[in-house]
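When we follow the numbering used here, the leftmost residue of the sequence shown carries the number 46, and every step to the right adds one. Idealized CB from N, CA, C, for every residue including glycine.
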Amino acid sequence: MKEDNKVIILDGESLTLEDVVAVARKNVQVSIAESAEEAVNRSRKIVDDIVAEKRVVYGVNTGFGSLCNVSISQDDTVQLQENLIRTHASGFGDPFAEDVVRAIMLIRVNSLVKGYSGIRLSTVKALMAMLNKGVHPFIPEKGSLGASGDLAPLAHMVMPLLGLGKAYYKGELLSGKEAMQKAGLEVIQLSAKEGLAFINGTTVLTAVGALATYDAIELLKLSDIAGALSLEVHGGISSPFEEELHTIRPQSGQLATARNIRRLIEGSGYITEATPDHVQDPYTLRCMPQIHGASKDSIAYVKEKVEIEINSVTDNPIITRDGKVISGGNFHGEPMAQPFDFLGIAVAEIGNVSERRVERLVNTQLSKLPSFLVKHPGLNSGFMITQYACASLVSENKILAHPASVDSIPSCENQEDFVSMGTTAARTAAEILLNSRRVVATEIMAACQALDIRGYQDKLGKGTQPAYKTFRQFVAFIEHDKDIEMYDELNKATDVMIHGDLLSTVEKEVDLDIQFS
């Protein structure tokens, strides 16, 4: 829920994927709903009563994991929580990007304010203050099994709160203590159960996958634009996109793709009808609704799962409203590991089909255009190696798309004997997305080059015309090899997709969807 479009109010129930992106990438501020504050306080009182009554409860006054049967004295319950954070912060590798870290912090706060974790309100607000002030913990990308939750990376998230670890503040990597001081924030001391409440959950894998899902939705729309541009280059046939064909096989993503293509090519002077000499187009053009649509359906499913997970309690144990303490398995990442594997596969397929369309554009036998889309081929190599590069990326994707969720390895003395590898699934899906985005950008660049060679600029479709014009504002026609460095041109093409207004400009003219309604 939003207030004045400036603050997102967290209640543990209504966070959306778009809200996550707004906080992660646009630095929108957050606050906690009054009803959620009451729920947190109610849950905390139950934990305080447990400690006072010296009842033995996992994570409050016991060891962790396979040490769950080791009782901890009341005097050591505070030290127990700090020890947990210090030792569990055991990640490897480069840090997550800032937007991922912000998404992690946001989703964790939203989970905690549901009021099932027994954490103090002041402790939740301390993490929220870090987020709002822009103190971003150094969180290594590697080290999570996705059960029990994302223990190692979330421990790194907590370290600066305790004056430990490292954090970025205003672009500078500092000690956790110094980052907090510069932001005007106080370090805290954890109380009973609070360390476990912070780190036992699926927050990291969900944050990584959520941002990848959002980007995948945009990529699916851009892939329709790329495919429509390629269709015009080849003088493609319009009948495979007629609505009646798809209503008799009413797969939602297929219907949406066909409608998107119809809208994009509406009014085009370069789209044709079937003739005796041109009966059918190849699959990569004719079957875009079926191919792109399948990926749309997968991604729509993943989005649905993401929006459940970002409003879920993934802690253990949980404190019920009537005071029961239940040890369960909500920290287990399997419900998101499989969807994020689907996400990677869906996006890999978009890269695969786009690369094949790049080949059709640069291959003179298939396009009847100059070899590699350049004048005077031989002296000029033009787009020759762009197809090689795309082939490399999609081949890498085929390796990355191997499902992470089919793997498991026992941990914690076999107490945690089946894990999800959900964080690996999310991370590889995000990597696949980066690769496929570059391929689709290359297709758009090659299609615009081909349109210019054909002289097809003035009668493009209702959606492809603004796509072409916007792209050409950033990336020029390539006349001679000596005028360019292709690496720079490809990066400009990719940047138009990420940071430019190509998609937004097109969507001012035509509505593009990933599901049919």
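Sheet register partners of residue i (DSSP bridge)
i	result
leucine 557	DSSP output for leucine 557 lists no bridge partner at all.
proline 422	Asn425
leucine 55	Ile77
phenylalanine 137	Lys187
isoleucine 282	Thr317
threonine 107	Ser116
isoleucine 363	Ile371
Helix, strand or coil at residue i [DSSP, three-state]
i	result
glutamine 383	helix
proline 327	coil
isoleucine 77	strand
aspartate 49	Summary for aspartate 49: the model assigns pLDDT 47, below 50, so the residue's position carries little reliability, and this model does not support an answer.
phenylalanine 183	coil
serine 562	coil
aspartate 93	helix
valine 520	coil
glutamate 461	strand
threonine 320	strand
serine 453	coil
serine 372	coil
serine 116	strand
lysine 170	helix
leucine 505	coil
glutamine 432	helix
alanine 301	helix
alanine 512	helix
aspartate 121	helix
leucine 526	In the sequence as presented, leucine is not what sits at residue 526; that position holds aspartate. Note: aspartate 526 maps to helix in three-state DSSP.
alanine 224	helix
valine 358	coil
Cβ-based neighbour list, residue i, same chain, cut-off 7 angstroms, excluding 5 preceding and 5 following
i	result
leucine 230	Ala174, Met175, Lys178, Val180
glycine 163	Ser88, Arg89, Ile91, Val92, Lys238, Ala242, Ile364
threonine 61	Glu352
serine 588	Residue 588 is absent from the structure shown; the chain starts at 46 and stops at 562.
serine 268	His337, Ile395, Ser399, Val485
Any chain C beta carbon closer than 8 angstroms to residue i
i	result
threonine 468	Among the chains of the structure shown, chain C does not appear; only one protein chain is present.
Residue interval of the alpha helix (DSSP H) (run including residue i)
i	result
glutamate 275	For the record, residue 275 in the displayed sequence is serine; it is not glutamate. Where serine 275 is concerned, the enclosing alpha helix (DSSP H) stretches over 248-278.
glutamate 217	Premise fails: glutamate 217 lies in the beta strand (DSSP E), 217-220, not in any alpha helix (DSSP H).
glutamine 494	467-499
isoleucine 293	First-last for isoleucine 293: undefined, no H or E at that position.
histidine 201	196-203
lysine 341	333-354
phenylalanine 243	239-244
valine 102	Valine 102 -> no alpha helix (DSSP H), and no H or E assigned at all.
aspartate 540	531-543
valine 65	62-71
leucine 411	409-412
Best match in the options for proximity to residue i [C-alpha to C-alpha]
i	options	result
lysine 325	Phe286, Ser297, Ser340	The sequence as given places glutamine at residue 325; lysine does not occur at that position. The residue with the shortest Cα to Cα distance from glutamine 325 is Phe286.
alanine 255	Ile282, Pro384, Lys99, Glu79	Pro384
tyrosine 214	Val551, Gln226, Thr468	Gln226
lysine 211	Ser189, Val232, Pro182	Pro182
alanine 200	Lys222, Asn155, Val249, Glu534	Val249
glutamine 74	Ala81, Gly57, Leu112, Arg147	Arg147
glutamine 432	Leu424, Val403, His377	Val403
serine 343	Gly378, Gln296, Ser167	Gln296
glutamate 461	Lys341, Leu388, Gly194, Gly104	Gly194
leucine 151	Lys266, Val253, Val102, Glu79	Val253
aspartate 94	Gln119, Gly108, Gln494, Leu479	Gln119
Span of the beta strand (DSSP E) around residue i
i	result
alanine 212	211-214
serine 156	Premise fails: serine 156 lies in the alpha helix (DSSP H), 143-157, not in any beta strand (DSSP E).
Contacting residues, own chain, Cβ-Cβ under 8 angstroms from residue i (five flanking each side not counted)
i	result
glutamate 311	Gly506, Lys507, Gly508, Val555
arginine 165	Val85, Arg89, Ser236, Glu239
isoleucine 316	Leu276, Glu277, Gly280, Gly281, Ile282, Ser283, Ile310, Gly506
lysine 563	One cannot answer for residue 563 here, as it falls past the ends of the chain, which runs 46 to 562.
glycine 373	Asn361, Pro362, Ile363
aspartate 49	In this prediction, aspartate 49 has a pLDDT of 47, which is less than 50 and means its spatial position is unreliable; what the coordinates show is noted afterwards. Excluding positions up to five away in sequence, the list is empty.
serine 426	Phe417, Val419, Asp526
leucine 218	Phe183, Lys211, Ala212
Close beta carbons around residue i, own chain, < 6 angstroms, minus the five adjacent residues each side
i	result
alanine 393	Asn442, Ala446, Ile477
glutamate 354	Thr251, Met381
threonine 515	Leu547, Thr550
lysine 47	Caution applies to lysine 47, whose pLDDT of 47 falls short of 50 and renders its modelled position unreliable; the model cannot decide the point.
arginine 100	none
arginine 122	Before going further, note that residue 122 is threonine rather than arginine in the sequence given. Cβ neighbours of threonine 122 beyond the five flanking positions: Asn106, Ala237.
isoleucine 336	Val398
aspartate 533	none
Closer than 7 angstroms: residue i CB and nearest the ligand GTP heavy atom
i	result
glycine 210	Absence of the ligand GTP from the depicted structure is noted, as is the absence of any ligand whatsoever, leaving it without description.
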